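Take a look at the structure below.
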Amino acid sequence: MADIRKVLVVGGGIGGLSTAVGLYQRGFDVEVVERDKDWKVYHVGIIVQANFVRALATLGLGDEAVAAGYPYKGMRFLNSDGSLITELPGDSTVTAPYPADLGLTRPALHRILTDKVKALHVPVRLGVTYSSITDHGDHVAVEFTDGSVGKYDLVVGADGAYSGMRTLVHSDAGKPQFTGQSVWRYNVPRPKDQIWLDLYIKEDRSTAGYCPLDEETMYIMAVTEEPGNPWIPPHELANEMRKRLDGFGGLLGDLRDLVTDPELVVYRPLEVCVLPAPWHKGRIVLIGDAAHSSTPHLGQGAAMAVEDAVVLVEEIAANPADFEAVMSRFMERRFERAQLIADYSIMLGEWQMHPEKADRSQAEVTDYVRKRVAEPI
Ligand SMILES: Cc1cc2nc3c(=O)[nH]c(=O)nc-3n(C[C@H](O)[C@H](O)[C@H](O)COP(=O)(O)OP(=O)(O)OC[C@H]3O[C@@H](n4cnc5c(N)ncnc54)[C@H](O)[C@@H]3O)c2cc1C
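Per the numbering used here, the sequence shown runs over residues 5 to 381.
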């Protein structure tokens, strides 16, 4: 089989750009195609933990991420009136030199990654995707929507939660499935003394909270049960989000009235698609949400995408002449960990909708998973 020298990355999001940066830094010939010609991301926040920063740091981007975000103190679980249930302070002695918990805006993270690929002069074609991908065994032939063609030793599918490349690897992958819950997000100013991610748990089983993203900004998120996955008219989004925040007290109750602009509400039904092993077929491999799109209950989607990228790059660099060894080492190092996150995330959502199934609190599960993800990859 031919050595891996030339790689195409499909998708210029978190995992794809991390892969491109890593491969370029190790001397591989790498190109990216990104379908969105404006290369835009949602304006709201992203919550990550030390394992995300640690993985980015291997690409030389850890300090930038920390500087762009807000290392918040940890998580507090609250009753709906704002009274404290329990707190899980992040333990940065375990995660040093990186903060245990970090909030940052999605555009800030996007800027860090896109600035890096631009500085390295990695070729990125915007508004372009594949029109066909044919694996010939010793190379992959790709036709692009701009009429160009290319030959690659490996194609990395980093095309996100609604991946079209999934079916090239698992023809029976099916569509992402609605879990029964949706998430609402909205940015608000950060009160200067707000240094925790607070999660309020209401009797009707919905959860909502807020998390600092930088000195000035934090965002409110609410996870609610939405039977039947209703379509919500865009102009109603702020009203509907405020309704979902009814009945919450404390600071969240005060912040509720700031949710006024329907265009600034990011509303997403939670849809999951978690593939069995392997995540590759021939010379096509999937990473990130394309392989294991889960729910946001543990704030680990971005970290899993960057870790996938880092491990894939390490394995390719260690053994570029042995494709099968690269893929089996990649799966050995990634499958169980990504599955753990996906399973626990989906389970937490299930427990919120069916509390009788829960055998632990959300705080206990979160604490356990935070310890697991602090382990080396
Ligand atoms: C609103 C929101 C908030 C979130 N908050 C958190 C959070 O707090 N913490 C956390 O860890 N995770 C969070 N997530 C999940 C996290 O964003 C994902 O897990 C992560 O982005 C996965 O990275 P990825 O590279 O696999 O996919 P993405 O980052 O989604 O990137 C996929 C890229 O592929 C492109 N693409 C798609 N199809 C094609 C194609 N055919 N050709 C070329 N390009 C294509 C897309 O345009 C996109 O740029 C959130 C997600 C959303 C939507």
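Don't be surprised by glycine CBs; every beta carbon is placed ideally from N, CA and C.
Quantities reported herein were computed from a predicted structural model and do not represent experimental measurements.
Out of the options, state which residue places its alpha-carbon closest to the alpha-carbon of residue i.
| i | options | result |
| --- | --- | --- |
| E207 | F252, A378, F334 and D163 | F252 |
| G49 | V187, I236 and W235 | V187 |
| L27 | K120, P111 and G257 | K120 |
| F32 | L82, E91 and D157 | D157 |
| S349 | V227, R30 and A123 | V227 |
| K276 | F182, I381, G66 and G15 | For the record, residue 276 in the displayed sequence is Val; it is not Lys. Closest option to V276, Cα to Cα, is F182. |
| I320 | V14, S175, G17 and A24 | A24 |
| L92 | D371, E379, R376 and A378 | D371 |
| K155 | Y46, E35, M351 and R115 | E35 |
| L201 | Y190, P127, L106 and L316 | L106 |
| M225 | A294, Y271 and P237 | Y271 |
| T221 | A313, D40 and H47 | H47 |
| T138 | V153, R30 and C215 | V153 |
| D150 | H140, S136, G141 and D142 | S136 |
| R30 | L316, I51, N233 and P266 | L316 |
| Y214 | G78, R337 and G178 | G78 |
| P216 | I51, K247, R115 and L352 | I51 |
CA-CA distance, residue i and residue j?
| i | j | result |
| --- | --- | --- |
| D218 | H125 | 29 Å |
| L268 | V70 | 25 Å |
| V310 | D163 | 13 Å |
| V146 | K196 | 51 Å |
| A104 | P324 | 34 Å |
| F148 | G168 | 14 Å |
| V263 | P193 | 11 Å |
| E230 | Y223 | 21 Å |
| Q366 | A123 | 42 Å |
| V278 | Q53 | 22 Å |
| M308 | E240 | 33 Å |
| H174 | P75 | 39 Å |
| I396 | P127 | It is not possible to answer for residue 396, since the shown part of the chain is limited to 5 through 381. |
| E68 | A306 | 16 Å |
| L113 | T62 | 16 Å |
| A329 | G232 | 44 Å |
Could you round the C-beta distance between residue i and residue j to whole angstroms and report it? I think they count as a contact, below 8 Å.
| i | j | result |
| --- | --- | --- |
| K361 | E354 | 6 Å |
| G86 | L255 | 7 Å |
| R341 | I291 | Actually they are not in contact, since the Cβ atoms of R341 and I291 sit about 13 Å apart, beyond 8 Å. |
| A334 | I8 | Reading off the sequence shown, one finds Phe at residue 334, where the question assumed Ala. About 12 Å separates the two Cβ atoms, so there is no contact after all. |
| G64 | V57 | G64 to V57, Cβ: 12 Å. No contact. |
| G161 | V289 | 7 Å |
| M357 | R209 | 6 Å |
With distances taken between CB atoms, is the gap from residue i to residue j smaller than 9 Å?
| i | j | result |
| --- | --- | --- |
| S96 | L60 | no |
| L274 | G184 | yes |
| F339 | P282 | yes |
| E38 | G19 | no |
| R287 | V132 | no |
| L203 | F81 | yes |
| F43 | G15 | It should be noted that the sequence gives Trp, not Phe, for residue 43. It is not a contact, given that the beta carbons lie outside the stated cut-off. |
| L172 | A212 | no |
| A242 | S298 | no |
| T90 | A378 | no |
| P101 | V45 | no |
| L108 | G73 | yes |
| P266 | P238 | yes |
| R170 | A295 | yes |
Taking only three categories from DSSP, how would you classify residue i?
| i | result |
| --- | --- |
| A212 | strand |
| T183 | strand |
| T118 | helix |
| P238 | helix |
| K196 | coil |
| R39 | coil |
| L255 | helix |
| I291 | coil |
| Y204 | strand |
| F334 | helix |
| L106 | strand |
| W283 | coil |
| R30 | coil |
| K155 | strand |
| P324 | coil |
If you measure from the beta carbon of residue i to each beta carbon in chain C, is any gap under 9 Å?
| i | result |
| --- | --- |
| E379 | You won't find chain C in this structure, because it holds only one protein chain. |
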